[in-house]
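Start counting the sequence shown at 22; every next residue gets the next number (this note's numbering). By construction, the Cβ of each residue, glycine as well, lies at the ideal position given by its N, Cα and C atoms. What follows is a short report on a single structure.
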Amino acid sequence: MKNQRIIPKYQACFLHEQQQLILTMKNKSGTEWEEDMNCWEYNKCGREKGGLGAKLHGVCPAWPDNGQQCARVAGTFCGGKVQGTFVMKLLTCMKCGFYQSEHYDKTYGKKNAA
């Protein structure tokens, strides 16, 4: 192959794909993010502070404290568009793999209840 030059526009996509591959490998190993996985780790969107997605689309409003309760946060960027309030986006969230996973906190404030 001759010298290939990566166009800057596509370089970000390439780096994001590498990042996703690494995160997927870690997730499948079962050693990291077993219990306290956040939506941006599960979906690999990079919208956490410092992530590639945050540089492109801004930091997710669920970051840093609501990554396991993202459905309750207005304005999250899911499915390629900004979502509305909890009531408006609940049907979309209920179809989400993260929402359906064991990582999503469905306790609604009753996590430490006996």
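Residues near residue i by beta carbon distance below 6 Å, same chain, minus five either side
i    : result
T106 : A95
K110 : Q104
M57  : According to the sequence provided, residue 57 is Asp. The question's Met does not apply to it. Here the set comprises nothing.
M115 : none
Own chain, CB closer than 8 Å to residue i, minus 5 neighbours either side, in chain order
i   : result
K70 : V80, W84, P85
P82 : V94, A95, G96, T97
Reference residue i; option with closest CA among the options
i    : options             : result
F136 : Y129, Q89, L73      : Absent from the model: residue 136. The displayed extent of the chain is 22 to 135, so no value can be given.
S122 : R68, V108, T97, A92 : A92
Y129 : F98, K65, G74, N87  : N87
Pair within 8 Å by beta-carbon distance, residue i and residue j
i    : j    : result
G101 : T113 : no
Residue burial classification, residue i (beta-carbon count within 10 angstroms, cutoff 16)
i   : result
Y63 : buried
T45 : Residue confidence is low: T45 scores 45 on pLDDT, short of 50, so the model does not pin down where it sits. Its coordinate-derived value is still stated next. Result: exposed.
T52 : Since pLDDT at T52 reaches only 42, below the 50 mark, its modelled position is unreliable, and no value is offered.
L77 : exposed
K65 : buried
Cβ of residue i within 8 Å of any chain C Cβ
i   : result
G96 : As a matter of chain content, chain C is missing from the structure shown, which is built from one protein chain.
Neighbourhood of residue i by C-beta distance below 7 Å, restricted to the same chain and skipping five residues each side
i    : result
A75  : G67, R68, E69
N59  : G88, Q89
H124 : M58, Y63, Q89
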